[in-house]
Amino acid sequence: MSNPTVSSINTLLNKTLMAMHLASNDETANGKRESSTHEKRLSVREKVLSYNPVSQYQPHTLHYAMKGFGYLPTPILEGLIAYLKGPNSKQYLHANAHLRLILAVNSHLKTPLELTPMHELRERFTTDAVAMQAPRVWQQASDNILNNIKPFTKKGEKLVNWEDKTIANADDGNMTVRCYQTKANKKRSKKGSVHNPDETVMLFFHGGGFCIGDVDTHHEFCHAVCEQTGWPVVSVDYRLAPECPAPAALKDCITAYAWLAEHCHTLGALPSRIVLAGDSAGGGLSTLIAQQLTAPTESAWSDLGAQGQKMYKLLESLPKPLAQMPLYPVTDIETDYPSWELYGEGLLLDHADVAVFDAACLKDSPLPRLHILNSPMLGDNSKVCPTYIVASELDVLRDEAFAYAKQLKGYNVPVETHTVLGAPHGFIHFMSVHQGLGQETKDIINGFCSFVRDVISTRSQLAA
Numbered sequence: 323m324s325n326p327t328v329s330s331i332n333t334l335l336n337k338t339l340m341a342m343h344l345a346s347n348d349e350t351a352n353g354k355r356e357s358s359t360h361e362k363r364l365s366v367r368e369k370v371l372s373y374n375p376v377s378q379y380q381p382h383t384l385h386y387a388m389k390g391f392g393y394l395p396t397p398i399l400e401g402l403i404a405y406l407k408g409p410n411s412k413q414y415l416h417a418n419a420h421l422r423l424i425l426a427v428n429s430h431l432k433t434p435l436e437l438t439p440m441h442e443l444r445e446r447f448t449t450d451a452v453a454m455q456a457p458r459v460w461q462q463a464s465d466n467i468l469n470n471i472k473p474f475t476k477k478g479e480k481l482v483n484w485e486d487k488t489i490a491n492a493d494d495g496n497m498t499v500r501c502y503q504t505k506a507n508k509k510r511s512k513k514g515s516v517h518n519p520d521e522t523v524m525l526f527f528h529g530g531g532f533c534i535g536d537v538d539t540h541h542e543f544c545h546a547v548c549e550q551t552g553w554p555v556v557s558v559d560y561r562l563a564p565e566c567p568a569p570a571a572l573k574d575c576i577t578a579y580a581w582l583a584e585h586c587h588t589l590g591a592l593p594s595r596i597v598l599a600g601d602s603a604g605g606g607l608s609t610l611i612a613q614q615l616t617a618p619t620e621s622a623w624s625d626l627g628a629q630g631q632k633m634y635k636l637l638e639s640l641p642k643p644l645a646q647m648p649l650y651p652v653t654d655i656e657t658d659y660p661s662w663e664l665y666g667e668g669l670l671l672d673h674a675d676v677a678v679f680d681a682a683c684l685k686d687s688p689l690p691r692l693h694i695l696n697s698p699m700l701g702d703n704s705k706v707c708p709t710y711i712v713a714s715e716l717d718v719l720r721d722e723a724f725a726y727a728k729q730l731k732g733y734n735v736p737v738e739t740h741t742v743l744g745a746p747h748g749f750i751h752f753m754s755v756h757q758g759l760g761q762e763t764k765d766i767i768n769g770f771c772s773f774v775r776d777v778i779s780t781r782s783q784l785a786a
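For the sequence shown, this note's numbering gives the first residue as 323, with consecutive numbering after it.
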């Protein structure tokens, strides 16, 4: 790179990774183990449990570099933040030095979106997102023979498998869905135990401004949901703008919901126990789908002609979702909330990013900008399913998540709001590199799982 600042940041990342031996069991980015006379001696069992193929570490150097910053003393972190002209503790009271350094590095490496062709932006985002993820989540349960040696697997441990399937999108083209399921340790599990005791399945929609992102960029989060809850997860690779402007993504996700309602029995789930989730743009899709499945708006779909009428009839025939979990979602097409001014610069999502995504998604849309199918706050949310909303404190979209929660509560819809203090928009991408955000993400998944189980229990009591 010609930019000396960017070069210095890349050098810093490489030196941090190599100097601190941050890969698991002292694996470095090139897969070599550093020897030390002071190295802890491991038992055979510990060595077997900690084994991972060397090839797994090579695409994930960004994971180890970013995670490695967290091991540095706070004064050094603050010095690096100051050098990069990053945010101080007074600006972001609830963000520790590790997170503020990550934000500072991102700010230096970020290229204005309008200067990057969309196909390049997608490739870069996918590469960086996967590089940030822990290599273990890319290990299929059956890939590593040592993972399947029953005496060495941990009691109650859930191993995750996933499979990509090709289904039809809303316009009869091909669309990928990635299906995650747990592979229980049968020897250690109780006799007669049920594989999916909640009979619940999650349909997940990735974020990325409706323009970037795919099933790979959000693989780690979907893997974590499956692993923690035991629920199968189906992640949707819907079509993206500007090639396919709104409401193509919405239609594809509704089509994926219809497919799941028909095939959820193969995942040990009931059609009445489909839960929706998504982050950012995907959170917006979740809220729109939850709305249209419970109270489809015929006049809105009529604006799309015969195809819209077909989609309306499909919506009327589908079961209603059990619950939804939008994470820092897009809920309102307007941008006059206080958080828009407070957090619109210097973070992971800024004013310029929103403008680029907005134009790509809506410029060639057959619908007007202020349309029910573009903005869930404009539609009928009086019958929406129970909702567990996750908001980020340091997020330009924060206040519209709060506004959506307030509207649902006004309709007496069961709502819980979980706000992650000190977290930027898109924080789930840092779940395995930042300890605090990793714990927050675990808490969010567990919180939603408990929320859903309460909904199931309440409905069972009402039906009795």
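We put the CB at the ideal spot given by N, CA and C, even for glycine.
Can you tell me which of the three DSSP states Arg307 falls into?
Because the chain is modelled from 323 through 786, residue 307 falls outside the range shown and cannot be assessed.
Excluding the five sequence neighbours on either side, which residues of its own chain have a C-beta within less than 8 Å of the C-beta of Val516, listed in chain order?
Here Val516 scores only 44 on pLDDT, less than 50, and its place in the model should not be relied on; the value that follows carries that caveat. The residues Gly590, in chain order, have a CB closer than 8 Å to that of Val516 in the same chain once the five nearest residues on each side in sequence are set aside.
Going by DSSP, name the residue or residues bridged to Gln503.
Per DSSP, Asn483.
Quick one: grab the DSSP three-state call for Thr780.
Residue state, collapsed to three classes: helix.
Run the CB neighbour count on Glu715, radius 10 Å, all protein chains shown included, and call it buried at 16 or more, exposed below.
Counting of Cβ neighbours within 10 angstroms places Glu715 among the buried residues, the total reaching 16 or more.
Looking only at its own chain, which residues have a Cβ that is under 7 Å from the Cβ of Ser779, when we skip the five neighbours before and after it?
Same-chain partners within the cutoff: there are none.
Is the separation between the beta-carbon of Thr532 and that of Ala571 shorter than 8 Å?
Per the sequence presented here, residue 532 reads as Phe, with Thr not at that position. Yes, they are a contact pair.
I need the DSSP call for Phe532, collapsed to helix, strand or coil.
Note: Phe532 maps to coil in three-state DSSP.
Counterpart residues of His740 in DSSP-defined beta bridges:
In DSSP, His740 forms a bridge with Val712.
Check the Cβ-Cβ distances between Glu485 and every residue of chain D, and say whether any is below 8 Å.
This model lacks chain D altogether; it includes just one protein chain.
Is the beta carbon of Lys705 closer than 8 Å to that of Ala617?
Closer than 8 Å, so yes.
Distance check for Arg595 and Asp585, CA to CA, integer angstroms please.
Note on identity: in this sequence residue 585 is His, with Asp being the wrong assignment. Distance between the alpha carbons of His585 and Arg595 is about 13 Å.
Roughly how many angstroms lie between the CA atoms of Asn496 and Asp574, to the nearest whole one?
One C-alpha to the other measures close to 10 Å.
Which residue from Ala456, Ser639 and Ser557 puts its Cα closest to that of Ala387?
Distances from the CA of Ala387 to each of Ala456, Ser639 and Ser557 were compared; the closest alpha carbon is that of Ala456.
Just to check my reading of the structure: Leu421 and His756 have Cβ atoms closer than 8 Å, yes? What is that Cβ distance to the nearest angstrom?
Confirmed, Cβ separation roughly 6 Å.
Grab me the residues of Leu435's own chain with a C-beta within less than 6 Å of its C-beta, minus the 5 sequence neighbours each way, in chain order.
Taking C-beta separations shorter than 6 Å and ignoring five residues to either side along the sequence, the partners of Leu435 in its chain run Asp675 and Val678, following chain order.
Three or more C-beta pairs closer than 8 Å, one from the segment 693 to 711 and one from the segment 603 to 619: is that the case here?
Proximity of the segment 693 to 711 to the segment 603 to 619 meets the contact definition, three or more beta-carbon pairs being nearer than 8 Å.
What whole-angstrom Cβ distance do His747 and Leu670 have, given they're in contact under 8 Å?
Separation of the CB atoms of His747 and Leu670 is rounded to 5 Å, and the pair is thereby assigned contact status at 8 Å.
Is it the case that the Cβ atoms of Ser608 and Pro648 are separated by a distance below 8 Å?
Contact check for Ser608 against Pro648 passes: the beta carbons are separated by less than 8 Å.
Straight-line CA distance for Gln631 to Asn491?
Distance from the CA of Gln631 to the CA of Asn491, rounded to the nearest whole angstrom, comes to 16 Å.
So for Ala681, helix, strand or coil by DSSP?
Correct three-state label for Ala681: helix.
Backbone CA spacing between His416 and Ala622 [nearest angstrom]
His416 and Ala622 have their C-alpha atoms some 42 Å from each other.
Chain-order list of residues whose beta-carbon lies under 7 Å from that of Ser624 (same chain, five-residue window excluded)
So the qualifying residues of the chain are Gly630 and Gln631.
If I measure Cβ to Cβ from Met342 and keep anything under 7 Å in the same chain, skipping five residues before and after, which residues do I get?
The predicted model places Met342 with a pLDDT of 44, which falls under 50 and marks its position as unreliable, so this point remains unresolved.
Whole beta strand (DSSP E) runs in the segment 568 to 643 with 3 or more residues, listed along the chain?
The segment 568 to 643 contains these whole beta strand (DSSP E) runs: 596 to 601.
Can you tell me whether Glu356 is helix, strand or coil according to DSSP?
Because Glu356 carries a pLDDT of 36, less than 50, the predicted location of this residue cannot be relied on, and the following value inherits that uncertainty. The answer is coil: DSSP assigns Glu356 none of H, G, I, E or B.
Alpha carbon of Ile655 to alpha carbon of Leu692, nearest angstrom
If I take the Cα positions, the gap works out to 7 Å.
Hey, how far is the Cα of Phe770 from the Cα of Pro651?
Roughly 16 Å separates the two Cα atoms.
Identify every residue that forms a DSSP beta bridge with Met497.
Residue pairing from DSSP places Met497 in a beta bridge opposite Ile489.
Per DSSP, which one or two residues make a beta bridge with Pro746?
In the DSSP assignment, the residues bridged to Pro746 are Leu716.
Mark Asp536 as exposed unless 16 or more other C-beta atoms lie within 10 angstroms of its C-beta, in which case mark it buried.
With 16 or more other Cβ atoms from the protein chains shown falling within 10 Å of its own Cβ, Asp536 counts as buried.
Taking just the CA atoms, how far does Glu442 sit from Tyr502?
Near 28 Å, if we compare the C-alpha coordinates of Glu442 and Tyr502.
If I measure Cβ to Cβ from Asp486 and keep anything under 6 Å in the same chain, skipping five residues before and after, which residues do I get?
So the qualifying residues of the chain are Thr498 and Arg500.
Identify every residue that forms a DSSP beta bridge with Ser557.
For Ser557, which the question treats as bridged, DSSP gives the partners Arg500 and Phe526.
Any idea what DSSP makes of Ala417, helix, strand or coil?
Here Ala417 sits in coil by DSSP.
I'd like to confirm the pairing. Which residues does DSSP put opposite Ala645 in its beta bridges?
Val597.
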